[in-house]
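Let me begin by presenting the structure, written as structure tokens, before commenting on it.
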Amino acid sequence: LRAISPEGAGTVPFVAPLYGGTDATVLCLMPAPDAANRAETGEDIVSSEDDTATAEALSTLLDESGIDTKEVVLWHAFPWYRAEGASGRLTGAEQNAGVDPMGKLLRLVPNLRAVILMGKGPEEFWAKVAKKSPQAVSRITAIPSFSPAPLSLSGTTAQRTERIARRSQAMREARKIVQ
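In terms of our numbering, the sequence shown opens at residue 107 and continues consecutively.
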């Protein structure tokens, strides 16, 4: 992936070894790595043990649902750090750039049974993956959810409550699928 990054894309962070890797049964699919959390020195690692509100929320969701980190692989629809100044929902070009890498990931993780689509961007992206590789995703149940990022909880108190409940429900659905 580092060799095929799109022009202007940054590097791909590593996935922490605490996750299931090729043995994972649940994919937590988020939009893109957050450049604000990029390591100043050393290697960048995506983990629910990061010192961020997003990582803390993800860790809590996994714990509350009974999903062990060894059952999970974290991935991003656009797996590279986004270009300087990029924000908001992924562009169509960013989503398209992530489709082939996702195909490679799906081949490496043959035991996946559930993907938690953490936001609208990952939902749109997964539809592109399913269109391009229907056979690869046929064994995987897609579960719409909301991002664990704090920004996904903006809005009214009722919207926030609904989104928190949906995130927890998505995790429980995944747990049920892979039991």
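Ideal Cβ positions, reconstructed from N, Cα and C, are used throughout, including at glycine.
All values reported here derive from a predicted model rather than from experimental measurement.
Only counting the same chain, and skipping five residues up and downstream in sequence, which positions put a Cβ closer than 6 Å to that of residue i?
i, result
"residue 236", "243"
"residue 184", "138, 196, 200, 204"
"residue 279", "249"
"residue 262", "none"
Output needed for residue i: all residues of its chain with C-beta closer than 7 Å, excluding positions within five of it in sequence on either side, in chain order.
i, result
"residue 228", "135, 136, 137, 183"
"residue 248", "221, 223, 232"
"residue 283", "219, 220, 247"
"residue 211", "181"
Could you name the residues that DSSP lists as bridge partners for residue i?
i, result
"residue 208", "Answer is none; residue 208 lacks a bridge partner."
"residue 180", "134"
Which two residues bound the contiguous beta strand (DSSP E) that contains residue i?
i, result
"residue 251", "247–251"
"residue 167", "No beta strand (DSSP E) contains residue 167, which is instead part of the alpha helix (DSSP H) from 159–171."
"residue 220", "220–224"
For residue i, I'd like the list of residues in its chain whose CB is within less than 8 Å of its CB, leaving aside the five on either flank, ordered along the chain.
i, result
"residue 209", "235, 238, 239, 242"
Buried or exposed: which applies to residue i, given that a residue is buried once 16 or more other Cβ atoms fall within 10 Å of its Cβ?
i, result
"residue 188", "buried"
"residue 216", "exposed"
"residue 273", "buried"
"residue 225", "buried"
"residue 47", "Residue 47 is absent from the model: the chain starts at 107 and stops at 285."
"residue 171", "buried"
"residue 190", "exposed"
"residue 214", "exposed"
"residue 271", "exposed"
"residue 193", "exposed"
"residue 126", "buried"
"residue 159", "exposed"
"residue 207", "buried"
"residue 257", "exposed"
"residue 264", "exposed"
What span of residues does the alpha helix (DSSP H) with residue i cover, start to end?
i, result
"residue 267", "263–284"
"residue 192", "Looking at the DSSP string, residue 192 is not in any alpha helix (DSSP H), and its letter there is neither H nor E."
"residue 240", "240–243"
Assuming the contact rule is C-beta atoms closer than 8 Å, residue i and residue j should be a hit. Round their C-beta distance to whole Å, please.
i, j, result
"residue 246", "residue 281", "In fact, because the Cβ distance is near 15 Å, the residues do not count as touching under 8 Å."
"residue 133", "residue 181", "6 Å"
"residue 175", "residue 168", "6 Å"
"residue 130", "residue 177", "6 Å"
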